Amino acid sequence: MKWPLRARTEGALPRGALGQRLTRVALAAAGLALLVTGSVLNLVMIQQAREALIDETTTQARVIAANLGAALLFQDARAAAEMLATLQQSSGVQRAAVFDARGVVFAHYQRPGTPETAALLPNGAGPPGHTLGGGLLVVNEPIEQAGVQIGRIRFEVPLTPLHRRAWIFGGVTVGAAALAMALAYLLAVGVRRDVGRIERRLDELAYLDPVTLLYNRHASHAHLASYVTEADRTGQGFSIITIDLDDFKAVNDSLGHPMGDELLRRIAQRLQQALKPGARAYRFGGDEFVMICPWQPGFHEPQRYGALAQEVLGASVRLGGIDTRLRGSIGVARYPVDGSGADEVLLASDMAMYQAKAAGKNQVAVFHAGLRELNEQRLRIESELRIGLREGQLCLHYQPIVDLAGGQVLGAEALLRWRHPQRGLISPAQFIPLAERSGLIVELGEWVFHEAARQLQRWATAGMPPLPVAVNVSARQLREGLLLQQFEQAMAASGCDPTLLEIELTEHTLVEDVDDNLRLLHALRERGVRVAIDDFGTGLSSLSYLKRLPATKLKIDRSFVRDLPDDRGDVAIVEAALSMAQALGLQVVAEGVETEAQRQLLARLGCHAAQGFLYSPALEPDAFAHWCLQHQRGRPAIRTARVSGN
């Protein structure tokens, strides 16, 4: 089965036919214009030549008439004939006759070779002036003597030479028009050939990916329509496999974009080689590929297609002397099982791919109805979150950070909460991932900056001792270069002391675009902002990049604190983190401290500070201020009762 690059509708012109028709119409219009112009010029030329002939003949007749007055007065026919004989030098006059006052021919002239025709010399010269007819120009002029008309002169000039010149001019005009059309046609053919090449190139640009030479997203829409038509006709469906490469950005960052493009080309070649007959592979942009596979014997199960894609990605690729092995998150959907149209089944495949990525990457997910419901729920929550941000439904709670040795309050972490009008207080775990995926996290991060800065200023105005507040920063804020701008705007709007605001970034965030992030973080440090590495131990912990970061603090993730002091592995991880922090001169905060045993072990290992339910959950601003006031008066920071929830 073959598919054209462009989807053709019924009755549509074949590719290039419109251009050819336009070329023919343009040439015909140009030829017609030339002919009309030539005809008009020819008519104008004939008219001008005729007027010139009339003027010339009339003038000549008047001159002869002026010289014939005496001959006619004295009845000297011989003198009149001699005067008329001078007309032989003029090639225009064919016949001439002089009439006396009675209208009788007194003398006449006839060019040699002209047949004698009585009708051409009628009795009487006729009224003065000129007439045209019978292929002749006839001019009659009076002969006067002392103001008295004593006769008339008549000239007859044939119009054949004039008509001959008109035909010659018309022929030249038609010939010139034909030559011009021929040249225009040759030029148009050349231009059309160039246009054809350009059209083919535009097709390539519009429907082919320039890096991998696979069809692109645009081409898939035309192809999918053909697949749907064929599936409806035969009753045999097809599967759509969406592949999103995992951590492909690391390849570009470490090996460079040229190597990244080469890797994409290798993957594209492997996908094409693995395709069954009738299948197609596409690159949808970035690191996303799609395969459309008509069901083949033994391949009706969608997992088979997912396994095929994993097999293609699983083989290592050698680039720049390095063996690179990629993984991918793969989603599979089927027509007509998972959608009634091309767009619907393509969206289903995309949903399944995101489900595979959310399940931990390097997975295969097959679409099911629950995913559509989940996606609709996500879209609904995202829409409600945008409304919540606009209508002031968001708020910040503050969890104290306490010194493990002396129990003093060292600061707080600002934690985002959403007061939904129907569902009440919603934890960030339920909406932050959706905000990250949709890009709304950038607006949320900006709001958090401004609100934390405003709250610090409120506390300062109320006389509360200054305490630094940490806010979490998204990778999108770093990638889009907005972090420094958002920070400065928040400081300017609130008047807050910038040294009291601390930003927390995860290790995953920091290892993306390390050089750019370093420049940004150094710019923040120059403004007095402290930088903390959040969720330490869950990412790619490495001295090679940690030592380059202008960080002041490490925060050990709660997953390594939860099973202390019983889990020896977690104890070893915490010890290693503390040793690394000590080597780098960084303060360490343990997250999720809930028991006295955890606190004692962390203090014994040399951890500087902690936060968690052992001290306090995240509190509203007024409650946090009251909590701090109590502990400033000497009350212990450790809670006597454990509180569940966050």
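With numbering that gives the first Met the number 0 applied, the sequence shown covers 0 to 645.
The beta-carbon is built from N, C-alpha and C at its ideal position, and this holds for glycine as well.
For clarity, every value in this text was computed on a predicted model and none was experimentally measured.
With distances taken Cα to Cα, identify the nearest neighbour of Arg547 among Leu517, Gln148, Ile572.
Leu517
I need the straight-line Cα distance from Cys627 to Leu583, nearest angstrom please.
31 angstroms
State yes or no: is the C-beta of Asp534 nearer than 8 angstroms to some heavy atom of the ligand HEM?
As for the ligand HEM, it is missing from this structure, which has no ligand bound.
May I ask you to list the residues that DSSP assigns as paired with Ser238?
Cys292, Arg333
Burial state of Pro293, where buried means 16 or more other Cβ atoms lie within 10 Å:
buried
Could you check what DSSP says for Lys275 in three-state terms: helix, strand or coil?
coil
When you compare only the Cα positions, how much space is there between Ala571 and Arg379?
44 angstroms
Inter-stretch contact (C-beta, 8 angstroms, three-pair minimum) for the region 174-194 and the region 62-72:
no
Given a threshold of 16 other Cβ atoms within 10 Å of its Cβ, counted over all protein chains shown, does Ser382 qualify as buried or as exposed?
exposed
Within 10 angstroms of its Cβ, does Pro399 collect 16 or more other Cβ (buried), or is it exposed?
buried
Which one of Ile152, Val365, Gly132 has the shortest CA to CA distance from His107?
Ile152
Just curious, the alpha helix (DSSP H) that Val344 is in, first and last residue?
341-357
Tell whether a beta-carbon distance below 9 angstroms holds between Leu553 and Met579.
yes
Ends of the beta strand (DSSP E) at Leu409?
408-419
State yes or no: is the C-beta of Ser473 within less than 9 angstroms of the C-beta of Val441?
yes
To which residues does DSSP link His396 through a beta bridge?
Leu414
For Leu648, which residues does DSSP report across the bridge?
Outside the shown range of the chain (0 to 645) lies residue 648, about which nothing can therefore be said.
Assess, as a yes-or-no matter, whether the region 407-420 is touched by the region 432-451 under the definition of 3 or more beta carbon pairs within less than 8 angstroms.
yes
Quick check: is the beta carbon of Val35 nearer than 9 angstroms to any beta carbon in chain C?
In summary, chain C is missing from the structure at hand, where a single protein chain is found.
Quick one: measure Cβ to Cβ for Ala84 and Ala78, integer angstroms, because I've assumed they're closer than 8 angstroms.
Rounded, the Cβ-Cβ distance is 11 angstroms, inconsistent with contact.
Three-state secondary structure (DSSP) of Pro111
coil
Does Ala28 pass the burial test, meaning 16 or more other C-beta atoms within 10 Å, or should it be called exposed?
exposed
I'd like the span of the alpha helix (DSSP H) that includes Asn361, first residue to last.
Note, Asn361: premise wrong, no alpha helix (DSSP H); not H, not E.
Limits of the alpha helix (DSSP H) - the one that Gly369 falls within:
368-389
Span separating the alpha-carbon of Val97 from that of Ala60:
11 angstroms
Any idea if Gly259 is buried or exposed, counting beta-carbon neighbours within 10 angstroms, 16 or more meaning buried?
buried
What's the gap between the Cα of Ala357 and the Cα of Leu577?
31 angstroms
Identify whether Phe98 lies in helix, strand or coil by the three-state DSSP scheme.
strand
Output the boundary residues of the alpha helix (DSSP H) element that contains Asp569.
567-583
Since Phe623 and Ala411 should fall inside the 8 angstroms C-beta cutoff, what is the C-beta to C-beta distance between them, to a whole number of angstroms?
6 angstroms
With which residues is Ile152 paired in a DSSP beta bridge?
Val97, Glu140
Sort out for me which residues DSSP pairs Tyr281 with in a bridge.
Tyr214, Val289
Under a three-way DSSP split, which group does Ser493 fall into?
helix
Apart from the five residues on each side of it in sequence, which residues of its chain come closer than 8 angstroms, Cβ to Cβ, to Gln271?
Leu213, Ala280
Determine the burial state of His625: buried for a count of at least 16 other Cβ atoms within 10 Å of its Cβ, exposed for fewer.
exposed
Flag this pair as yes or no: are the beta carbons of Leu482 and Leu523 separated by less than 9 angstroms?
yes
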